[in-house]
Amino acid sequence: MKKFAIFGDIHGNLEALQAVLYDAAQKGCTDYACLGDIVGYNANPAECVQIIRELNCPTVQGNHDEEASSLNDLSGMNPTATAALAWTRNQLSEDDKTWLRQLRKVRSVPPFTIVHSSLDQPGFWNYILNKFDALSNFPSQFTQLCFHGHTHVPKFFVFHAGQVEELIQYEIIMEPDKKYFINAGSVGQPRDGIPYASYATFTPSENRITIERVPYDIATTQAKILAAGLPDRLAARLEQGR
Ligand code: ZN
Numbered sequence: 002m003k004k005f006a007i008f009g010d011i012h013g014n015l016e017a018l019q020a021v022l023y024d025a026a027q028k029g030c031t032d033y034a035c036l037g038d039i040v041g042y043n044a045n046p047a048e049c050v051q052i053i054r055e056l057n058c059p060t061v062q063g064n065h066d067e068e069a070s071s072l073n074d075l076s077g078m079n080p081t082a083t084a085a086l087a088w089t090r091n092q093l094s095e096d097d098k099t100w101l102r103q104l105r106k107v108r109s110v111p112p113f114t115i116v117h118s119s120l121d122q123p124g125f126w127n128y129i130l131n132k133f134d135a136l137s138n139f140p141s142q143f144t145q146l147c148f149h150g151h152t153h154v155p156k157f158f159v160f161h162a163g164q165v166e167e168l169i170q171y172e173i174i175m176e177p178d179k180k181y182f183i184n185a186g187s188v189g190q191p192r193d194g195i196p197y198a199s200y201a202t203f204t205p206s207e208n209r210i211t212i213e214r215v216p217y218d219i220a221t222t223q224a225k226i227l228a229a230g231l232p233d234r235l236a237a238r239l240e241q242g243r
């Protein structure tokens, strides 16, 4: 039976990524898809890129992947993200940067679609925080189901009869005549107040989508952040899930 693990916003958190991939294998996942932001914030960007490259799964580019692999001036981002991206650029090989740069922003993974932010303007990196933001996505969503990330908050947006419903729950069974735009949350830096790594599983034969939460060794990730000289706040926020 085909079962997908859909995950993103890893942000260089190796311990969280390993825990999620182990959990997905335990749960019988047969296929993988990555929602981008493999790098940025945490201390193992190169290791995380290597794992995703070896997994060889459909992967879309996130804003941190774009910035870390470019020569752009970083002044447009907040100071913490800027410090982490400047550090991250020095950790990645030219080959990894080339790989991050060639990633597309939208991909079809039949029977669904993946994007880091939203389908209407994927390169603008809009934050889909609520049902009003989500409304602009749906005219560009040509599959019943699309997964995204970027806000680091797992959430279901359901479009039906011209309206969007916003659901915070752990499981949904898709119904015909409705479209689903689903945020899988973040592997490496959850921001919904729950520090566990977040990803989604999708079982097509059951139309079932589940948000999975996985504990991981936060203390090790924090120690690496501090040892690397990255901003302290990046370590502190992991245990708060903020
Ligand atoms: Zn992110």
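Heads up, the sequence shown is in this note's numbering, so the first residue is 2 and it goes up one at a time. All C-beta atoms in this analysis are idealised placements derived from N, C-alpha and C, irrespective of residue type, glycine included. Quick caveat: nothing in here was measured; it's all calculated off a predicted structure.
- Nearest to PRO111 by C-alpha distance, out of PHE5, GLN241 and ARG243, is PHE5.
- Note: THR221 is not bridge-paired with any residue in the DSSP secondary-structure output.
- Counting every other CB atom within 10 Å of its CB across the protein chains shown gives ALA85 a total of 16 or more, marking it as buried.
- The three-state secondary structure of ASN64, taken from DSSP, is helix.
- Bounds of the beta strand (DSSP E) holding ASP32 are 32-35.
- Counting along the chain, GLN27 sits inside the alpha helix (DSSP H) bounded by residues 15-27.
- Three or more Cβ pairs closer than 8 Å define a contact, and the segment 31-44 meets that threshold against the segment 60-68.
- Selection around the ligand ZN by beta-carbon proximity, strictly under 5 Å to any non-hydrogen atom, yields ASP10 and ASP38 in chain order.
- For ALA198, the uninterrupted beta strand (DSSP E) run begins and ends at 198-204, by DSSP.
- The alpha-carbon of GLU240 is positioned some 36 Å away from that of SER141.
- Taking 3 residues as the shortest admissible run, the segment 134-213 contains the following complete beta strand (DSSP E) segments, listed from N- to C-terminal end: 146-149, 156-161, 164-168, 172-174, 180-184 and 198-204.
- Look at the segment 70-126 and you find these whole runs of alpha helix (DSSP H), each 4 residues long or longer: 80-92 and 95-103.
- Taking a cut-off of 8 Å on C-beta distances, the segment 144-157 does not touch the segment 90-99, as fewer than three cross pairs fall below it.
- Relative to the Cα of GLY194, the nearest Cα in the group PHE203, SER206, ARG214 and TYR181 belongs to ARG214.
- The alpha carbon of SER119 has as its nearest neighbour, out of ARG209, VAL50 and ILE183, the alpha carbon of ILE183.
- When the beta-carbon positions are compared, ASN45 and LEU15 come within less than 8 Å of each other.
- Nearest to GLU167 by alpha-carbon distance, out of PHE203, ALA198, ILE129 and PRO177, is ILE129.
- Taken atom to atom, the span from the alpha-carbon of THR81 to that of ARG102 is near 22 Å.
- Check the Cα spacing between GLU68 and each of TRP100, PHE158, ARG243 and LEU136: the tightest is with TRP100.
- Excluding sequence positions up to five before and after TYR217, its CB lies within less than 7 Å of the CB of GLU16, ALA17, ALA20 and ALA198, all in the same chain and listed in chain order.
- Nearest C-alpha to ILE174 among VAL50, PRO191, ALA185 and ILE210: ILE210.
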